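Going letter by letter, the sequence shown gives residues 445 to 714 in the numbering used here.
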Amino acid sequence: MLKLRLITAIALATIFVLALYTLPDLGWSLFLLIFILIGAWEWAGLSGFHSAGKRWFLGLTVLITAALLPGVSEAARHTGAVLLTVAAAGFWIFISPWWLSRRWHLRHPVGLALTGWLLLLPAWMALIDLRHISPAVVLLVILVVAVADSAAYFSGKRFGKRKLAPEISPGKTWEGLVGALLAVTLFGIGLCLWLGWSFWFLPGLWLLTIFSVLGDLFESLIKRQAGKKDSGTILPGHGGVLDRIDGLTPTLPLVAFYAYLPYFVEIAFR
Numbered sequence: 445m446l447k448l449r450l451i452t453a454i455a456l457a458t459i460f461v462l463a464l465y466t467l468p469d470l471g472w473s474l475f476l477l478i479f480i481l482i483g484a485w486e487w488a489g490l491s492g493f494h495s496a497g498k499r500w501f502l503g504l505t506v507l508i509t510a511a512l513l514p515g516v517s518e519a520a521r522h523t524g525a526v527l528l529t530v531a532a533a534g535f536w537i538f539i540s541p542w543w544l545s546r547r548w549h550l551r552h553p554v555g556l557a558l559t560g561w562l563l564l565l566p567a568w569m570a571l572i573d574l575r576h577i578s579p580a581v582v583l584l585v586i587l588v589v590a591v592a593d594s595a596a597y598f599s600g601k602r603f604g605k606r607k608l609a610p611e612i613s614p615g616k617t618w619e620g621l622v623g624a625l626l627a628v629t630l631f632g633i634g635l636c637l638w639l640g641w642s643f644w645f646l647p648g649l650w651l652l653t654i655f656s657v658l659g660d661l662f663e664s665l666i667k668r669q670a671g672k673k674d675s676g677t678i679l680p681g682h683g684g685v686l687d688r689i690d691g692l693t694p695t696l697p698l699v700a701f702y703a704y705l706p707y708f709v710e711i712a713f714r
């Protein structure tokens, strides 16, 4: 299983990096949209939508994303990106901890649809907008989440004793979280020494690590409530698309929110 996971991860990483550095804006957006739509279909399944409900949710997702594609309407796209980013930041900072602590089971189809869009669309927009800053920013966020995820898995497997959230994800441990933070710290120190960055960069990486775990726990809760182990089966050894991007759904919009801060300050003091 580990070998299959590794092969799939290498293949995905290669395709992703090639797309990140070679595709034009519209091509990049459409490339990402493939995964977003697969994730939307998986979310509909986890939400318990019947077949017609799944098609409606997927169709509405297509309509919303079509309106936000580069070149359709830059004013609408920019406004949509800002609103989605702010909404996602608010959700992950304030609502998701409460949701997880209460293990809230949302059943209303409209609420489920809105939550699905709040997970998927801001991450999609963040990947598009952060690439405008630099493709390296996109890679950095993904690498931090990957390092944290791998370190949490291996350190938890080797040293894990104290459960982090036993009623949500029994496999996650406090030792795994500590391992993730230590690995990300070493990764960050290496970057700072290599690129001459300030070590004040490290707290940002710790926050990304914490929120990546939060995203992982959130998807684990939704899967547990749906009675499913994985969100899908499309990625051999990994499960579904949502299983691969759960740590990115909070971190990407939060980095985009940070990037938008000068814009928010300008608006506030205009």
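For each residue, glycine too, the CB sits at the ideal point set by N, CA and C. Just so you know, these numbers come straight off a predicted model, no measurement behind them.
| Item | Value |
| --- | --- |
| Based on the DSSP output, what are the partners of residue 683 in its beta bridges? | 679 |
| Could you tell me if residue 496 is buried or exposed, where buried requires 16 or more neighbouring beta carbons within 10 angstroms of its beta carbon? | exposed |
| Using only CA atoms, which one of 587, 521, 520, 478 lies nearest to residue 506? | 478 |
| For residue 503, collect the residues of the same chain with a Cβ closer than 8 Å to its Cβ; drop the 5 residues on either side in sequence, then sort them by chain order. | none |
| Can you tell me where the beta strand (DSSP E) holding residue 615 begins and where it ends? | 613-617 |
| Is the beta carbon of residue 701 closer than 8 Å to that of residue 523? | no |
| Note down, in chain order, each residue of its chain lying with its Cβ closer than 6 Å to the Cβ of residue 485, except the 5 sequence neighbours on either side. | 502 |
| Tell me, please, whether the segment 590-605 touches the segment 546-554 by the rule of three or more beta-carbon pairs shorter than 8 Å. | no |
| Residue 572 and residue 642 - do their beta-carbons sit closer together than 8 Å? | no |
| If you draw a straight line from the C-alpha of residue 526 to the C-alpha of residue 515, how long is it? | 17 Å |
| Given a cut-off of 8 Å, decide if residue 617 and residue 608 are closer than it, judged by their beta-carbon atoms. | yes |
| In terms of residue numbering, what span does the beta strand (DSSP E) encompassing residue 608 cover? | 607-609 |
| Could you check whether residue 652 and residue 695 sit closer than 8 Å to each other, using their CB atoms as the reference points? | yes |
| With C-beta atoms as the reference, is residue 760 less than 8 Å away from residue 659? | Missing from the structure shown is residue 760; the chain here goes from 445 to 714 and no further. |
| When you compare the CB positions of residue 558 and residue 596, do they come within less than 8 Å of one another, or not? | no |
| Return the CA-CA distance between residue 675 and residue 685, expressed in angstroms with no decimal places. | 7 Å |
| Helix, strand or coil for residue 634, going by three-state DSSP, please let me know. | helix |
| If you reduce the DSSP assignment to three classes, tell me which class residue 690 lands in. | coil |
| Quick check on the burial criterion: 16 or more other C-beta atoms within 10 angstroms. Buried or exposed for residue 667? | buried |
| If you follow the alpha helix (DSSP H) that residue 643 is part of, which residue opens it and which one closes it? | From DSSP, residue 643 is part of no alpha helix (DSSP H); its letter is neither H nor E. |
| Tell me which residue opens and which closes the alpha helix (DSSP H) that residue 498 is part of. | 495-511 |
| For residue 467, which residues in the same chain have their Cβ closer than 7 Å to its Cβ, ignoring the five residues on either side in sequence? | 475 |
| Is it right to say residue 735 is buried, meaning 16 or more other beta carbons lie within 10 angstroms of its own, or is it exposed? | The requested residue 735 does not occur in the structure, where the chain is confined to residues 445 to 714. |
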